[in-house]
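Peer 1: Mapping of the sequence shown onto UniProt numbering: residues 1 to 225, in sequence order.
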Amino acid sequence: MITSPPKRGMALVVVLVLLAVMMLVTITLSGRMQQQLGRTRSQQEYQQALWYSASAESLALSALSLSLKNEKRVHLAQPWASGPRFFPLPQGQIAVTLRDAQACFNLNALAQPTTASRPLAVQQLIALISRLDVPAYRAELIAESLWEFIDEDRSVQTRLGREDSEYLARSVPFYAANQPLADISEMRVVQGMDAGLYQKLKPLVCALPMAASKSTSIPWTSRKV
1 MITSPPKRGM ALVVVLVLLA VMMLVTITLS GRMQQQLGRT RSQQEYQQAL
51 WYSASAESLA LSALSLSLKN EKRVHLAQPW ASGPRFFPLP QGQIAVTLRD
101 AQACFNLNAL AQPTTASRPL AVQQLIALIS RLDVPAYRAE LIAESLWEFI
151 DEDRSVQTRL GREDSEYLAR SVPFYAANQP LADISEMRVV QGMDAGLYQK
201 LKPLVCALPM AASKSTSIPW TSRKV
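Structure (structure tokens):
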């Protein structure tokens, strides 16, 4: 009986396949371990940032308490309003800046129910935007679109305002908020707004809960922003 010689080539192929599988498993495990380490590091940095934020808040309260120690009235000549305070950290620094949130135009005033075709808050916002060298048409477009964006209904009740149909037609579609703003950055998406005008408006507006602000305060200014 004649026996065939061992198939050494086949054995070598099997060994190479096993090595390739082992390398693939090792690389996969290593990648997952790196992902887990990165996730853990991100969670630690997030928690650390929360503590830094809490510390900054405590420092701000201390600065306010110090300013009110001998005075009962809050004003911009007190130390808390002198500018940012910097506190060093191992890998950077914290900048604490206090701002009077009442000396601003509260965008959420637009959320107040009204039967007027153009509420006072909308007129005031148009006037504020116009003072930034913005053409009247664009100022009206932004103010009315922001009103439509914030008010609780989904119907267009202004001449230039925009509702869901405008935002759903964009490359990244979304619905209008139809509720008070949580942050002034939300106004960046309304029709007519751009990055340059947003940066000019940012120091002049705020998004306060209506319970905390029963009136609209306009920070009129003659200086260039």
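Glycine included, each C-beta is placed from N, C-alpha and C at the ideal position. Keep in mind that this is a model prediction, so the values were computed, not measured.
(1) Could you spell out the range, first to last residue, of the alpha helix (DSSP H) harbouring A195?
(2) On the criterion of 16 or more Cβ atoms from any shown chain inside 10 Å, does N106 qualify as buried, or is it exposed?
(3) Have a look at the DSSP bridge pairing and note the partners of I129.
(4) Considering only the alpha carbon of each residue, which of E71, A177, A63 lies closest to A81?
(5) With a Cβ-Cβ cutoff of 8 Å, do E152 and Q191 count as a contact?
(6) Smallest Cα separation from F149: which of L110, L128, P173, A121?
(7) Note down the Cα distance separating Y198 from I27, rounded to an integer number of angstroms.
(8) From which residue to which residue does the alpha helix (DSSP H) around L141 run?
(9) Taking the beta carbon of S145 as the centre, do at least 16 other beta carbons fall within 10 Å, making it buried, or is it exposed?
(10) Taking all protein chains shown into account, do 16 or more other C-beta atoms lie within 10 angstroms of the C-beta of A139, making it buried, or fewer, making it exposed?
(11) Thinking C-beta only, is L76 closer than 8 Å to residue 229?
(12) Below 8 Å on the Cβ atoms is my contact criterion, and I expect K200 with L132 to pass it. Report the Cβ-Cβ distance as a whole number of Å.
(13) How about A177 and A207: do their beta carbons lie closer than 8 Å?
(14) Reducing DSSP to helix, strand and coil, say where G192 ends up.
(15) Grouping DSSP H, G and I as helix and E and B as strand, with all else coil, what is G83?
(16) Alpha carbon to alpha carbon, how far is M33 from W220? Give it in angstroms, no decimals.
Peer 2: Straight from the coordinates:
(1) Numbered from its first residue, the sequence shown carries residue 195 at position 195. Counting along the chain, the alpha helix (DSSP H) containing A195 begins and ends at 195-201.
(2) The sequence position of residue 106 within the sequence shown is 106, counting from 1. Flag for N106 reads buried.
(3) Locating residue 129 in the sequence shown gives position 129, counting from the first residue. DSSP lists no partner for I129.
(4) In the sequence shown, residue 81 corresponds to position 81, counting from 1. Checked all of E71, A177, A63; the closest Cα to A81 is A63.
(5) Residue numbering aside, residue 152 sits at position 152 when the sequence shown is read from its first letter. Residue numbering aside, residue 191 sits at position 191 when the sequence shown is read from its first letter. When the beta-carbon positions are compared, E152 and Q191 stay at least 8 Å from each other.
(6) Counting from 1 along the sequence shown, the entry for residue 149 is found at position 149. Checked all of L110, L128, P173, A121; the closest Cα to F149 is L110.
(7) Indexing the sequence shown from 1 puts residue 198 at position 198. Indexing the sequence shown from 1 puts residue 27 at position 27. Whole-angstrom Cα-Cα distance: 47 Å.
(8) As a working mapping, residue 141 is identified with position 141 in the sequence shown. Unbroken alpha helix (DSSP H) run through L141: 136-150.
(9) Numbered from 1 along the sequence shown, position 145 holds the residue referred to as residue 145. Burial is judged here by how many other beta carbons sit within 10 angstroms of a residue's own beta carbon; S145 has at least 16 and is buried.
(10) Walking along the sequence shown from the start, residue 139 turns up at place 139. Classification for A139: buried.
(11) Here the chain comprises residues numbered 1 to 225, so residue 229 is not present and cannot be evaluated.
(12) As a position in the sequence shown, residue 200 is number 200, starting the count at 1. As a position in the sequence shown, residue 132 is number 132, starting the count at 1. Confirmed, Cβ separation roughly 5 Å.
(13) As a working mapping, residue 177 is identified with position 177 in the sequence shown. As a working mapping, residue 207 is identified with position 207 in the sequence shown. The Cβ atoms of A177 and A207 do not sit closer than 8 Å to each other.
(14) Within the sequence shown, the letter at position 192 stands for residue 192. DSSP places G192 outside both helix and strand once states are collapsed to three, so it counts as coil.
(15) Counting from 1 along the sequence shown, the entry for residue 83 is found at position 83. The DSSP-derived three-state label of G83 is coil.
(16) Your numbering for residue 220 matches position 220 in the sequence shown. Your numbering for residue 33 matches position 33 in the sequence shown. Per-residue confidence for W220 stands at a pLDDT of 41, beneath the threshold of 50, marking its modelled position as unreliable; the derived number appears in the next sentence. As the crow flies, the alpha-carbon of W220 is around 56 Å from that of M33.
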